[in-house]
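Some notes on the structure that comes next.
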Amino acid sequence: MKNVKSIIALGSAVAVLAGVLTAVLIINGNDGNEELPTEAEAVTVVSLCENTHTENDVKRITLENTLTADSGKLTVVPSEEADEKFTILGYDEFRLDHAMLDGMAKTILETELIPVTAQGEAEQYGFGAVPQYALFEFDDGEELKIFVGDQAPAIGQIYVQIDGGIYTAHTSKINAVLGGPGYYVSKVLIDVPEGENSGMQTMSIMRKDLDYAIVFEYDDERKSDDKYTGGTSAAHVLKEPFFAYLDVTRSVDYTHNLFGVTADSIFILNPDAEDLALAGFGAAEQSRTVPDVSVIMETQDGLCYRIELVKQQTGDMYFARVYEQTQVQTNENTENLSQDASREWKAHDLIYVMTEELFPWLNLQVKDVISPLIIGEYFYALKKADIKAEGEPDMVFNCTGTDKDDFFTSLNGSKEDCTDRFRAFYTFMLNIASEEVYMPDEETGEPAGEPAAEIKVENIKGRTTELKFYKDGASKLIIQVNGVTCFKCRESLLEVLKGNMQMFGDEQKTFTVTW
Numbered sequence: 008m009k010n011v012k013s014i015i016a017l018g019s020a021v022a023v024l025a026g027v028l029t030a031v032l033i034i035n036g037n038d039g040n041e042e043l044p045t046e047a048e049a050v051t052v053v054s055l056c057e058n059t060h061t062e063n064d065v066k067r068i069t070l071e072n073t074l075t076a077d078s079g080k081l082t083v084v085p086s087e088e089a090d091e092k093f094t095i096l097g098y099d100e101f102r103l104d105h106a107m108l109d110g111m112a113k114t115i116l117e118t119e120l121i122p123v124t125a126q127g128e129a130e131q132y133g134f135g136a137v138p139q140y141a142l143f144e145f146d147d148g149e150e151l152k153i154f155v156g157d158q159a160p161a162i163g164q165i166y167v168q169i170d171g172g173i174y175t176a177h178t179s180k181i182n183a184v185l186g187g188p189g190y191y192v193s194k195v196l197i198d199v200p201e202g203e204n205s206g207m208q209t210m211s212i213m214r215k216d217l218d219y220a221i222v223f224e225y226d227d228e229r230k231s232d233d234k235y236t237g238g239t240s241a242a243h244v245l246k247e248p249f250f251a252y253l254d255v256t257r258s259v260d261y262t263h264n265l266f267g268v269t270a271d272s273i274f275i276l277n278p279d280a281e282d283l284a285l286a287g288f289g290a291a292e293q294s295r296t297v298p299d300v301s302v303i304m305e306t307q308d309g310l311c312y313r314i315e316l317v318k319q320q321t322g323d324m325y326f327a328r329v330y331e332q333t334q335v336q337t338n339e340n341t342e343n344l345s346q347d348a349s350r351e352w353k354a355h356d357l358i359y360v361m362t363e364e365l366f367p368w369l370n371l372q373v374k375d376v377i378s379p380l381i382i383g384e385y386f387y388a389l390k391k392a393d394i395k396a397e398g399e400p401d402m403v404f405n406c407t408g409t410d411k412d413d414f415f416t417s418l419n420g421s422k423e424d425c426t427d428r429f430r431a432f433y434t435f436m437l438n439i440a441s442e443e444v445y446m447p448d449e450e451t452g453e454p455a456g457e458p459a460a461e462i463k464v465e466n467i468k469g470r471t472t473e474l475k476f477y478k479d480g481a482s483k484l485i486i487q488v489n490g491v492t493c494f495k496c497r498e499s500l501l502e503v504l505k506g507n508m509q510m511f512g513d514e515q516k517t518f519t520v521t522w
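Numbered per the numbering used here, the sequence shown spans residues 8 to 522.
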């Protein structure tokens, strides 16, 4: 067998087999003017194999068609793996699409045929200079060779020839033996893994249209033996370009679904240097295109994958490559995966074709996935809270205890317990929201001057969340979280904060929690 290599299609012409069958099958053949069998003639239906053989009797299947022409014949044989029926010789390095491959023999052998009456020359049905056939060899030594011709005038029908007889059959059935080298290879970029620690630990997304990486990280505190101290119901958090909690309903498609992403088709198997350069993945710096998106994901059990997408020059298609880390090397100075040059990678030996709809990371924006929640600590996990606002006395709350039975809160060193009042005030603090994402650039710069308000919360594990609010001069407050400028909200928050601080000592008054 020749080297398994064939360019399936180029540019916007790349398509699944069903979309190119017309071009594949129309060769020197039917001009569409032959008369269809009459109703009386069409009632004769025969089984392709006449029930003499089943898929269990197949010893070998040889496929040759226009899509396999420059890669030799494809040879399908029974698989020795318990959960697979068939495999392809010479394809050991590829993950095969067994949902398609394993059903091929059964589909063909059970196909029903309608004899064509008043048959003409074989060439007029498409059985010409370029043979397309499937040769079935059975355990008992018998053979069945099926030649495939042009599409028949009847919609959804195709001509086949067996032992000199010409028939029509459903194109959807015969498609099973017309695939090229990439047709039977799995289009899933990364298989869904098994095991409780196979989920995503860290994901880093780099794009040409962004000057920063978007980094998600699993919240390790969730699987700690210690009591979880707060956050959202999302299992991951945003780490870069700033820290933020995630909205579970809007983020799960990005944090959980990289496993199982399926390509539209396969561009090429076993690409050489010329192929890689053509697709934008050249090994040499001068022939390599900066990927439109590069996604690196590390799992909780230490595996690491990288997916790169490069847009084609025409159309809306992207070429994609998948790499796996072959050697784990820890770089303690690396802040995120996108900066870790110590990793060694092995590429999957093929190039996929993707569309934007199949790979949502191409258009991901931070605002699409974050939760409006900024302060996320559980109330009974609090240790200290400092609150400052222009024109108001500072408020310092110190807390002890871990639940409603032993929790004690004091204000500014007082021995008086103000837990219930503070809990109501904390409801207002939890409602402070990231109403819009704001990342200063060279033109806007960082906020200047003193903050109009500050809130700092520390939990029992020592984790702190510090918020500083700056007026932007346009009825908005710029919010820094732990020293990083990242959000804006309405300036009316400041007046509500001041009002709540003023009424804290009057238990007859109810705190305002909206603005």
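No residue lacks a Cβ here, since even glycine has one placed at the ideal position from N, Cα and C.
Remark: C-beta atoms of lysine 478 and tyrosine 445 do not approach each other more closely than 9 Å.
Here the C-alpha atom of alanine 460 lies approximately 52 Å from the C-alpha atom of tyrosine 359. A straight-line Cα-Cα distance of about 17 Å links aspartate 356 and tyrosine 325. The beta carbons of proline 200 and phenylalanine 266 sit about 6 Å from each other, so the pair counts as a contact at 8 Å. Per the DSSP secondary-structure output, proline 122 pairs in a beta bridge with Tyr174.
Listed in chain order, the beta strand (DSSP E) runs fully inside the stretch 112-171 are 119-122, 140-145, 150-158 and 164-169, counting runs of at least 3 residues. Under the 8 Å Cβ criterion, the stretch 81-99 does not count as touching the stretch 122-136, having fewer than three qualifying pairs. Excluding residues up to 5 positions away in sequence, Gly289 lie with their Cβ nearer than 6 Å to the Cβ of leucine 283 in the same chain. For asparagine 466, the enclosing beta strand (DSSP E) stretches over residues 460-466. Runs of the alpha helix (DSSP H) lying entirely within the stretch 405-442 and spanning at least 4 residues, in chain order: 426-437. Histidine 105 carries a helical assignment under DSSP once its states are collapsed to helix, strand and coil.
For alanine 396, the enclosing beta strand (DSSP E) stretches over residues 389-396. Under the DSSP definition of a beta bridge, valine 65 partners with Phe145.
Residue pairing by DSSP puts isoleucine 95 in a beta bridge opposite Val83. DSSP places leucine 245 in the uninterrupted beta strand (DSSP E) bounded by 243-247. A straight line joining the alpha-carbon of threonine 178 with that of isoleucine 165 spans about 5 Å. A distance below 6 Å between beta-carbons, with the five flanking residues on each side excluded, links glutamate 399 to the following residues of its chain, in chain order: Lys505 and Met508.
Counting the other CB atoms within 10 Å of its CB gives phenylalanine 101 a total of 16 or more, which places it among the buried residues. Valine 259 is bridged by DSSP to nothing; it lacks a bridge partner. The secondary-structure analysis by DSSP pairs arginine 214 across a beta bridge with Val300. In this structure, valine 503 and threonine 519 form a Cβ contact; the two beta carbons are roughly 5 Å apart against a cut-off of 8 Å. 9 Å or more divides the Cβ of isoleucine 314 from the Cβ of arginine 295.
The continuous alpha helix (DSSP H) containing glutamate 502 extends over residues 499-509. Bridge partners of leucine 484 according to DSSP: Lys478 and Cys496. When DSSP states are grouped into helix, strand and coil, valine 376 belongs to the coil group.
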